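S.K.: Below are the structure tokens for one structure; questions will follow.
2 protein chains.
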Amino acid sequence: MSPENKILETLSENTCFGGVQGVYRHASAVCGCDMTFAVYLPPAAQEGPVPVLWYLSGLTCTHENAMTKAGAQAWAAAAGIALVFPDTSPRGEGIADDDAFDLGQGAGFYVDATEPPWAPNFSMWSYIVEELPELLFAEFPLAEGAQGITGHSMGGHGALTLALRLPDRFRSVSAFAPIANPSASDWGRRQLTAYLGADEAAWSDHDASLLMRDRGWKGPVLIDQGTGDQFYDLLRPGALMEAMAARRQGGSFRFQPGYDHSYFFVASFMRDHVEFHAEALWA
Amino acid sequence: MSPENKILETLSENTCFGGVQGVYRHASAVCGCDMTFAVYLPPAAQEGPVPVLWYLSGLTCTHENAMTKAGAQAWAAAAGIALVFPDTSPRGEGIADDDAFDLGQGAGFYVDATEPPWAPNFSMWSYIVEELPELLFAEFPLAEGAQGITGHSMGGHGALTLALRLPDRFRSVSAFAPIANPSASDWGRRQLTAYLGADEAAWSDHDASLLMRDRGWKGPVLIDQGTGDQFYDLLRPGALMEAMAARRQGGSFRFQPGYDHSYFFVASFMRDHVEFHAEALWA
Chain A
12 MSPENKILET
22 LSENTCFGGV
32 QGVYRHASAV
42 CGCDMTFAVY
52 LPPAAQEGPV
62 PVLWYLSGLT
72 CTHENAMTKA
82 GAQAWAAAAG
92 IALVFPDTSP
102 RGEGIADDDA
112 FDLGQGAGFY
122 VDATEPPWAP
132 NFSMWSYIVE
142 ELPELLFAEF
152 PLAEGAQGIT
162 GHSMGGHGAL
172 TLALRLPDRF
182 RSVSAFAPIA
192 NPSASDWGRR
202 QLTAYLGADE
212 AAWSDHDASL
222 LMRDRGWKGP
232 VLIDQGTGDQ
242 FYDLLRPGAL
252 MEAMAARRQG
262 GSFRFQPGYD
272 HSYFFVASFM
282 RDHVEFHAEA
292 LWA
Chain B
12 MSPENKILET
22 LSENTCFGGV
32 QGVYRHASAV
42 CGCDMTFAVY
52 LPPAAQEGPV
62 PVLWYLSGLT
72 CTHENAMTKA
82 GAQAWAAAAG
92 IALVFPDTSP
102 RGEGIADDDA
112 FDLGQGAGFY
122 VDATEPPWAP
132 NFSMWSYIVE
142 ELPELLFAEF
152 PLAEGAQGIT
162 GHSMGGHGAL
172 TLALRLPDRF
182 RSVSAFAPIA
192 NPSASDWGRR
202 QLTAYLGADE
212 AAWSDHDASL
222 LMRDRGWKGP
232 VLIDQGTGDQ
242 FYDLLRPGAL
252 MEAMAARRQG
262 GSFRFQPGYD
272 HSYFFVASFM
282 RDHVEFHAEA
292 LWA
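Sequences listed follow chains A and B, in order.
Heads up, the final residue of the first sequence is numbered 294 in this note's numbering, and it's a clean run with no missing numbers.
Heads up, the final residue of the second sequence is numbered 294 in this note's numbering, and it's a clean run with no missing numbers.
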């Protein structure tokens with residue numbers, strides 16, 4: 012990035028699998044604070060715009076967890092696609108927070124909060140849907156017409172809800188152990204009440220199982236879920252499976268024997284996910 | 012591990028690429044404190060003992076850095092070899108330390124200290140050469156006759172010095188950006204003086220360039236060094252190259268354009284290293 016660039020501040024850039032893993036900071040208008048994100052550009056980006064796979068992270072994560080622990084760059088380099096790792100919430104001194112690890116900073120749940128004290132800053136839906144893409148496609152060699160999305164846990168929830176509601180934007184969607192049915196789970200009801208209020212009608216746009224049952228998805232879907240996941244009951248994979256079955260949704264819902272909720276699980280299947288997206292994005 | 016096992020305490024075990032990434036703690040006699048290490052067992056270990064690749068880490072690292080950031084499990088699973096990630100020094104309240112990040116805890120330099128205050132606990136040479144192997148080959152399905160060794164930075168120094176001095180034990184050796192000539196570098200002279208005393212004669216057994224020039228290595232060697240490494244001058248790769256040239260040592264010394272000293276560099280070439288070792292270990 013040019014040092015003259017006032018929009019983006021480059022925090023780091025490292026050569027990685029022949030491409031560049033960068034971390035950048037910018038002033039976010041919709042979140043009302045500085046936001047940090049990471050972009051991996053594969054070697055192919057030196058020749059021109061490349062497809063892009065969004066990776067949304069889970070509770071407590073920043074841009075950094077998947078960037079350092081998921082091993083995605085190896086496969087993205089080979090497939091010639093870029094990776095974007097956004098943060099999971101607004102952050103900082105003046106930003107609302109909660110003592111619970113699964114509410115407030117690090118737990119934005121990819122919604123635009125309407126309730127106090129969250130409403131002024133917790134606008135992760137608009138951040139991921141509007142503000143960050145506008146910045147990315149202006150500043151990086153990314154092909155706006157070739158976007159896929161994936162994520163882990165709360166980020167799997169984000170990936171599925173974004174794709175299901177924006178089918179014209181995303182060509183492909185997958186998820187690792189997503190929070191699949193938040194409006195019926197303790198990983199969801201508390202947060203959706205806090206961010207969106209007690210009226211559950213406002214929640215249905217942010218529940219992958221409800222959206223899947225209502226709308227389906229235009230192409231195949233890939234979901235991986237570990238059978239040894241310590242949060243299995245909170246994730247409610249069964250609700251999403253039922254929705255896919257009811258909808259006759261094409262795709263694969265894979266139960267991976269023994270795997271837990273950690274990045275050792277995510278890394279183990281990252282190749283499959285990157286190649287799944289690359290096939291759709293390069294088509 | 013069995014809960015009855017009093018020698019090893021299991022801190023965590025995660026399914027990873029079809030195998031198991033475990034973290035264990037034991038009471039170390041030579042270090043005089045509890046020591047933590049990680050072992051990755053590939054799926055092939057379910058059938059019987061597998062070859063093992065030791066990975067020695069660099070300054071400030073524990074067993075955890077390479078375990079989570081190097082992406083090595085993917086390739087080890089495919090190659091059917093185990094990985095061992097030891098810690099880099101003794102640790103804890105009663106253990107000597109220094110304010111500098113490159114001396115004391117996290118900076119054992121793979122030597123047996125003879126000088127105060129380090130001598131009572133800083134015995135990483137004996138720990139890696141004697142105590143930890145004895146434990147590992149008793150407790151895990153590892154083939155003692157098929158060992159390779161690699162490492163990063165200070166761990167590259169450790170890998171090279173161990174292999175050069177124990178050629179009958181290790182079948183293969185490689186390194187990522189090793190501290191290649193510590194007796195002529197600020198990454199070495201200070202630490203070797205502190206641990207071994209001012210008499211430089213005691214240092215020569217812990218300098219890969221001197222050992223290489225003196226003894227050579229029985230097989231091919233693989234070294235990767237980033238040209239953008241921020242510690243290039245401290246690492247002294249040229250000294251090791253000269254020693255290899257003088258010795259007519261077989262192997263590859265690869266300068267990787269643009270790569271720095273980070274795990275983004277290590278991960279980018281981990282596949283090559285694991286496959287290099289696997290070829291020797293399965294031969």
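All C-beta atoms, glycine included, are put in the ideal place defined by N, C-alpha and C.
None of these values were measured; they are calculated from a predicted model.
1. For the segment 118-131 of chain B against the segment 148-160 of chain B, do three or more pairs of beta-carbon atoms, one drawn from each stretch, fall closer than 8 Å, so that the two count as touching?
2. In the DSSP assignment, find the beta strand (DSSP E) that holds Glu253 (chain A) and state where it starts and stops.
3. Helix, strand or coil: how does DSSP classify Asn192 (chain B) here?
4. Across which residues does DSSP place Thr26 (chain A) in a beta bridge pair?
5. Do you know offhand how far Ala278 (chain A)'s Cα is from Tyr270 (chain A)'s?
6. For Pro62 (chain B), which residues from the same chain have a beta carbon less than 6 Å from its beta carbon, with the 5 sequence-adjacent residues on both sides left out?
7. Ends of the beta strand (DSSP E) at Pro97 (chain A)?
8. Which residues in chain B sit within 7 Å of Gln32 (chain A), going by Cβ to Cβ distance?
9. Tell me whether Tyr270 (chain A) sits in a helix, a strand or coil according to DSSP, three-state version.
10. With a threshold of 16 other CB atoms inside 10 Å of the CB of Ala212 (chain A), please say whether the residue is buried or exposed.
11. Taking C-alpha atoms, which residue in A:Leu94, A:Leu143, A:Thr71 lies nearest to Ala40 (chain A)?
12. Would you mind working out which of B:Phe264, B:Asn25, B:Ala174 sits nearest Phe187 (chain B), comparing C-alpha positions?
13. How long is the line joining the alpha carbons of Gly30 (chain A) and Ala87 (chain A), rounded to whole angstroms?
14. On the DSSP letters alone, give me the boundaries of the beta strand (DSSP E) that Asp235 (chain B) sits inside.
15. Determine the direct distance from the alpha carbon of Ala219 (chain A) to that of Asn192 (chain A), and round the result to whole angstroms.
16. So within the segment 52-80 of chain A, which uninterrupted beta strand (DSSP E) runs reach at least 3 residues, ignoring any that extend past its ends?
17. For Arg180 (chain A) and Gly199 (chain A), I'd like the C-alpha separation in whole angstroms.
18. Output, in sequence order along the chain, the residues in the segment 72-94 of chain A whose CB is closer than 8 Å to any CB in chain B.
19. Can you tell me whether Thr26 (chain B) is buried or exposed, with buried defined as 16 or more other CB within 10 angstroms of its CB?
20. Tyr270 (chain A) versus chain B: which residues are under 7 Å apart at the beta carbon?
21. On the criterion of 16 or more Cβ atoms from any shown chain inside 10 Å, does Asp113 (chain B) qualify as buried, or is it exposed?
22. For chain B, find out if any of its Cβ atoms is closer than 8 Å to the Cβ of Gly239 (chain A); answer yes or no.
23. Is the CB of Ser279 (chain A) under 8 Å away from at least one CB in chain B?
24. Among the candidates B:Arg176, B:Gln236, B:Leu207, whose CA atom is the shortest distance from the CA of Arg224 (chain B)?
25. Mind listing, in chain order, the continuous alpha helix (DSSP H) runs of no fewer than 4 residues lying wholly within the segment 195-228 of chain A?
26. Can you tell which of A:Ile139, A:Asp283, A:Trp228 has its C-alpha closest to the C-alpha of Cys42 (chain A)?
27. Considering just the uninterrupted stretch of the beta strand (DSSP E) at Phe181 (chain B), what are its terminal residues?
28. Give me, in chain order, the residues of the same chain whose beta-carbon lies closer than 6 Å to that of Ala130 (chain A); leave out the 5 immediate sequence neighbours on both sides.
29. My output table needs one value for Ser279 (chain B): the three-state DSSP class, helix, strand or coil.
30. For Leu148 (chain A), which three-state DSSP category applies?
31. Alpha carbon to alpha carbon, what distance is there between Thr238 (chain B) and Gln32 (chain A)?
32. Please say whether Tyr51 (chain B) and Thr79 (chain A) have beta carbons closer to each other than 8 Å?
33. Can you name the residues that DSSP bridges to His37 (chain A)?
34. I'd like the span of the alpha helix (DSSP H) that includes Leu153 (chain A), first residue to last.
35. Along the chain, where does the alpha helix (DSSP H) that runs through Thr172 (chain A) open and close?
M.R.: The answer reads as follows:
1. no
2. Position 242 of the first sequence holds residue 253 (chain A). Per DSSP, Glu253 (chain A) belongs to no beta strand (DSSP E); it is in the alpha helix (DSSP H), 248-258.
3. To locate residue 192 (chain B), count along the second sequence from 1; it is residue 181. Three-state DSSP puts Asn192 (chain B) in coil, outside helix and strand.
4. Position 15 of the first sequence, counting from 1, holds the residue named residue 26 (chain A). Paired residues: A:Val31.
5. Residue numbering aside, residue 278 (chain A) sits at position 267 when the first sequence is read from its first letter. Residue numbering aside, residue 270 (chain A) sits at position 259 when the first sequence is read from its first letter. Computed Cα separation, rounded: 11 Å.
6. As a working note, residue 62 (chain B) is residue 51 in the second sequence. Excluding sequence neighbours, Pro62 (chain B) sits near Ile92, Ala154, Ala157, Leu292.
7. Taking the first residue of the first sequence as position 1, residue 97 (chain A) is located at position 86. Unbroken run through Pro97 (chain A): none, as it is neither H nor E.
8. Residue numbering aside, residue 32 (chain A) sits at position 21 when the first sequence is read from its first letter. Within chain B, the residues near Gln32 (chain A) are Phe275.
9. The count along the first sequence starts at 1 and reaches residue 270 (chain A) at position 259. Reduced to three states, the DSSP call for Tyr270 (chain A) is coil.
10. Reading the first sequence from its first residue, position 201 is the one you call residue 212 (chain A). Classification of Ala212 (chain A): exposed, given that the 10 Å Cβ count is below 16.
11. Your numbering for residue 40 (chain A) matches position 29 in the first sequence. Nearest neighbour of Ala40 (chain A) by Cα position, chosen from A:Leu94, A:Leu143, A:Thr71, turns out to be A:Leu143.
12. In the second sequence, residue 187 (chain B) corresponds to position 176, counting from 1. Among B:Phe264, B:Asn25, B:Ala174, the Cα nearest to that of Phe187 (chain B) belongs to B:Phe264.
13. Position 19 of the first sequence holds residue 30 (chain A). Position 76 of the first sequence holds residue 87 (chain A). Going by the C-alpha atoms only, they are around 10 Å apart.
14. Sequence index remark: in the second sequence, residue 235 (chain B) carries index 224 (1-based). Unbroken beta strand (DSSP E) run through Asp235 (chain B): 232-237.
15. Walking along the first sequence from the start, residue 192 (chain A) turns up at place 181. Walking along the first sequence from the start, residue 219 (chain A) turns up at place 208. Those two C-alpha atoms are separated by around 6 Å.
16. The segment 52-80 of chain A contains these whole beta strand (DSSP E) runs: 61-67.
17. Working through the first sequence from its first residue, we reach residue 180 (chain A) at position 169. Working through the first sequence from its first residue, we reach residue 199 (chain A) at position 188. In a straight line, the C-alpha of Arg180 (chain A) is about 25 Å away from that of Gly199 (chain A).
18. Residues Thr79, Lys80, Gly82, Gln84, Ala85.
19. For the purposes of this step, residue 26 (chain B) is taken as the residue at position 15 of the second sequence. Its Cβ being crowded by 16 or more others within 10 Å, Thr26 (chain B) is buried.
20. Locating residue 270 (chain A) in the first sequence gives position 259, where the first residue counts as 1. At a beta-carbon threshold of 7 Å, the residues of chain B lying near Tyr270 (chain A) are Thr26, ordered along the chain.
21. Numbered from its first residue, the second sequence carries residue 113 (chain B) at position 102. Asp113 (chain B) should be labelled buried.
22. By 1-based counting over the first sequence, the position of residue 239 (chain A) is 228. Yes, its Cβ sits closer than 8 Å to a Cβ of chain B.
23. Within the first sequence, residue 279 (chain A) is the residue found at index 268, counting from 1. So yes, Ser279 (chain A) belongs to the interface.
24. On the second sequence, position 213 is the one that residue 224 (chain B) refers to. It is B:Arg176.
25. 200-207, 219-226
26. Counting from one through the first sequence, the residue named residue 42 (chain A) turns up at place 31. Per the Cα distances, A:Ile139.
27. The residue you call residue 181 (chain B) lines up with position 170 of the second sequence. Run containing Phe181 (chain B): 181-187, per the beta strand (DSSP E) assignment.
28. Locating residue 130 (chain A) in the first sequence gives position 119, where the first residue counts as 1. Excluding positions up to five away in sequence, the list reads Ala124.
29. The residue given as residue 279 (chain B) occupies position 268 in the second sequence. In the structure shown, Ser279 (chain B) sits in a helix (DSSP, three-state: H, G or I).
30. On the first sequence, position 137 is the one that residue 148 (chain A) refers to. Contrary to the premise, residue 148 (chain A) reads as Phe rather than Leu in this sequence. Helix, per DSSP.
31. Position 21 of the first sequence, counted from the start, is the residue given in the question as residue 32 (chain A). Position 227 of the second sequence, counted from the start, is the residue given in the question as residue 238 (chain B). Rounded to the nearest angstrom, the two C-alpha atoms are 17 Å apart.
32. Along the first sequence, read from residue 1 onward, the residue named residue 79 (chain A) stands at position 68. Along the second sequence, read from residue 1 onward, the residue named residue 51 (chain B) stands at position 40. No, they are not a contact pair.
33. Counting from 1 along the first sequence, the entry for residue 37 (chain A) is found at position 26. DSSP lists A:Met46 as the bridge partner or partners of His37 (chain A).
34. Position 142 of the first sequence holds residue 153 (chain A). Looking at the DSSP string, Leu153 (chain A) is not in any alpha helix (DSSP H); the run it does join, the beta strand (DSSP E), is 153-162.
35. Your numbering for residue 172 (chain A) matches position 161 in the first sequence. 165-176 is the span of the alpha helix (DSSP H), which, as asked, contains Thr172 (chain A).
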